[in-house]
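In the UniProt record's numbering, the protein residues as written are 1 to 649.
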């Protein structure tokens with residue numbers, strides 16, 4: 001334990017007080033006001049009805065479906081796959097609370113500096129590119145191009161579009177030289193993906209003669225760029241390579257700017273390119289996102305699920321667009337997200353369709369998008385035909401596809417729906433899935449989903465959720481200071497013993513959780529001594545530890561959720577705190593709390609004396625066995641005295 005722990009404890013408390021859990025969770029989950037709290041669809045498991053509850057008064061969350069629960073730190077850890085120190089640093093940065101770094105090793109500090117440096121490099125590059133586009137003579141062709149594409153100046157400003165000039169006019173180190181003047185080493189510029197290292201030891205700009213789109217993470221930090229070439233060179237589109245702060249398979253272009261529109265409309269529209277997105281947004285369709293040069297991944301669907309109920313794939317109607325739409329279907333099924341497909345007319349992209357038919361035509365296509373089930377059935381029917389052999393092939397592919405659905409009820413509904421259209425029994429799909437090899441020896445193709453959830457196999461960086469502010473190897477040293485702060489991913493330990501407590505002990509536990517201000521009174525009244533062997537003792541010791549760290553000697557009940565390791569115990573605590581007050585205890589007023597505390601103190605005193613009486617009874621029995629009747633008489637008088645005090649008969 002380090003000498004700097006007190007400073008970190010103070011920071012942790014300051015962050016907890018400053019952080020608004022509704023605001024933090026609301027950035028990722030669409031919350032609806034319900035009574036005194038908020039509810040929404042749980043981001044940790046697929047569901048159709050809202051069982052996820054956020055309590056702003058107690059500053060904690062709980063899901064009645066999967067039983068995940070905790071405070072704002074727990075949410076950040078679970079949602080973004082962070083360690084506690086990473087969650088603490090992220091929230092401290094958001095609420096402008098300084099963190100001490102005295103207990104970090106030099107290598108850990110260096111890695112933090114590297115990440116922060118990459119954010120600064122990208123931000124400065126954004127400034128250079130944007131300023132060039134807006135005001136430089138070098139960007140006349142780029143401004144003309146954007147004007148011809150129908151991109152107004154307010155869109156240039158909103159999306160901070162930029163331009164990297166051609167090397168013929170600005171040289172091969174246009175950006176590098178300007179960043180170096182700002183004291184950025186060329187090695188950092190290369191790590192950010194903005195410079196390319198030649199074999200001869202020289203560097204040149206990665207982006208040249210391209211209109212640039214800054215790519216933001218969900219915290220609003222520029223982490224990469226996407227560029228569209230103005231001339232005839234290849235490739236036509238280019239994105240920054242992956243880096244310490246950028247992972248293509250986890251981020252979507254436009255999600256940072258459009259997340260509120262997506263949340264409001266409860267729908268996300270996925271298009272194939274940055275310009276498709278830009279032109280739709282310009283014409284008022286701003287609940288739109290685009291993948292970053294990769295196929296849509298399961299992580300993308302998971303990200304969108306946190307903002308909306310429905311995702312519409314708005315792709316080209318050619319064979320490539322069809323394949324792209326089909327490839328995503330297993331992701332929708334496994335994430336239990338409602339998916340639809342709207343295919344553009346042949347020969348059109350969103351730009352040409354809007355120019356020729358207007359935004360209303362695009363809206364009409366989106367509103368009439370086919371459900372994924374109908375889309376895939378129509379595609380398979382067209383591909384295989386409706387002959388006996390064709391039906392067998394359709395059944396085989398659909399059965400393989402249905403394995404992606406995690407929910408058995410969902411699989412049964414799909415089987416019933418498809419069997420009706422095919423004229424077969426629903427059991428046929430179940431037989432096909434169990435058999436493994438379909439009838440007439442046709443082997444269904446594996447649905448192409450890429451390696452894992454869309455994560456590149458050769459990447460060394462963390463791909464879970466948002467890129468954390470601290471490296472994963474920082475956790476062990478930090479956790480010396482935060483012993484006991486349990487991960488939301490902890491496996492269940494023990495049983496639901498708190499649900500099986502004797503009635504009086506359960507009332508005692510509920511009272512401590514709902515009225516923590518009386519904890520010190522009960523502790524002084526013999527709380528631990530009176531209970532004897534009980535599952536409550538571990539919780540009471542945890543309460544003591546929390547209280548010992550606080551300035552006023554009190555504990556906050558919600559903090560137990562970050563200390564308790566048993567999932568069953570966390571579930572009990574969270575469900576109790578989720579209730580609107582402890583009505584089973586007689587209300588929440590201070591007077592009623594004091595009255596119940598006095599009643600519990602009396603019960604503790606009587607319990608303690610009863611235990612004393614039982615101990616004396618055992619001593620009397622032992623003395624009788626030894627024939628020590630003088631001691632028997634003495635102990636009997638003591639026991640009678642205890643019984644009289646307890647008013648025992």
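In this text, a Cβ means the ideal position worked out from N, Cα and C, and glycines have one as well.
Bear in mind that the values here come from a model prediction, so they are computed numbers and not experimental data.
Within 10 angstroms of its Cβ, does residue 423 collect 16 or more other Cβ (buried), or is it exposed? Residue 423 counts as exposed, since fewer than 16 other C-beta atoms from the protein chains shown sit within 10 angstroms of its C-beta.
In chain order, each alpha helix (DSSP H) run of at least 4 residues that lies wholly inside the segment 226 to 307: 255 to 265, 274 to 282, 298 to 305
Sub-7 Å separation of residue 416 and residue 429 beta-carbons: no
Go ahead and label residue 502 buried or exposed: buried means 16 or more other beta carbons lie within 10 angstroms of its beta carbon, across all protein chains shown. By the neighbour-count rule (16 or more Cβ atoms within 10 Å), residue 502 is not buried but exposed.
Secondary structure of residue 90, DSSP reduced to three states: helix
Within the chosen definition, does the segment 308 to 326 reach the segment 339 to 359 through at least 3 CB pairs nearer than 8 Å? The segment 308 to 326 makes contact with the segment 339 to 359, as at least three CB pairs between them are under 8 Å.
Report the residue ranges of all beta strand (DSSP E) runs contained in full by the segment 162 to 233; include only those spanning at least 3 residues, in chain order. 162 to 164, 195 to 197, 203 to 205, 210 to 216, 222 to 229
Where residue 404 sits in the DSSP three-state scheme: Residue 404: coil per DSSP, three-state reduction.
Ordered along the chain, which non-local residues of its own chain (more than five positions away) have a Cβ less than 6 Å from that of residue 304? 268, 311
Look up residue 338 in the DSSP assignment and give the residues it is bridged to. According to the DSSP secondary-structure assignment, residue 338 is paired through a beta bridge with 310.
Out of 31, 508, 535, state which residue places its alpha-carbon closest to the alpha-carbon of residue 523. 508
According to DSSP, is residue 370 part of a helix, a strand, or is it coil? strand
Taking only the alpha-carbon atoms, compute the straight-line gap between residue 293 and residue 218 and give it to the nearest angstrom. 18 Å
How would you label residue 210, buried or exposed, when you count the other beta carbons within 10 angstroms and need 16 or more for buried? Burial state of residue 210 is buried, judged by a 10 Å Cβ sphere holding 16 or more other Cβ atoms.
Can you tell me where the beta strand (DSSP E) with residue 53 in it begins and where it stops? 52 to 55
By Cβ distance below 6 Å, which residues in the same chain neighbour residue 308 in space, the five residues on each side in sequence not counted? 262, 266, 267, 268
Short of 6 Å in beta carbon distance, which residues of its chain neighbour residue 55, apart from the five on each side in sequence? Order them along the chain. 37
Based on the DSSP output, what are the partners of residue 38 in its beta bridges? 33, 54
Do the segment 226 to 245 and the segment 175 to 185 meet, that is, are 3 or more Cβ pairs less than 8 Å apart? no
Quick check on DSSP: helix, strand or coil for residue 384? helix
C-beta contact flag for residue 188 and residue 245 at 7 Å: no
Below 8 Å on the Cβ atoms is my guess for residue 525 versus residue 605; work out the distance and round it to an integer in Å. 7 Å
Whole-angstrom distance between residue 558 and residue 650, CA atom to CA atom: This structure leaves residue 650 out entirely; the chain is present only between 1 and 649.
Measure how close the beta-carbons of residue 126 and residue 150 come, nearest whole angstrom, since I'm counting them as under 8 Å. Not quite, the Cβ-Cβ distance comes to about 23 Å (not below 8 Å), so this is no contact.
Range of the contiguous alpha helix (DSSP H) that encloses residue 147: 140 to 148
Give me the Cα-Cα distance between residue 378 and residue 324, rounded to the nearest whole angstrom. 15 Å
Which class does residue 454 belong to by DSSP, given the choice of helix, strand or coil? Residue confidence for residue 454 is low, a pLDDT of 33 falling below 50, so the modelled location carries little weight and cannot support an answer.
Evaluate residue 627 with the Cβ neighbour count: other Cβ atoms within 10 Å of its Cβ, from every protein chain shown; 16 or more gives buried, anything less gives exposed. exposed
DSSP state of residue 75, grouped into three classes? The answer is helix: DSSP assigns residue 75 an H, G or I state.
Per DSSP, residue 62 is paired with what? Paired residues: 53, 69.
Could you work out which residue in 116, 253, 295, 140 is closest to residue 191 when comparing CA atoms only? Ranking the options by Cα distance to residue 191, first place goes to 116.
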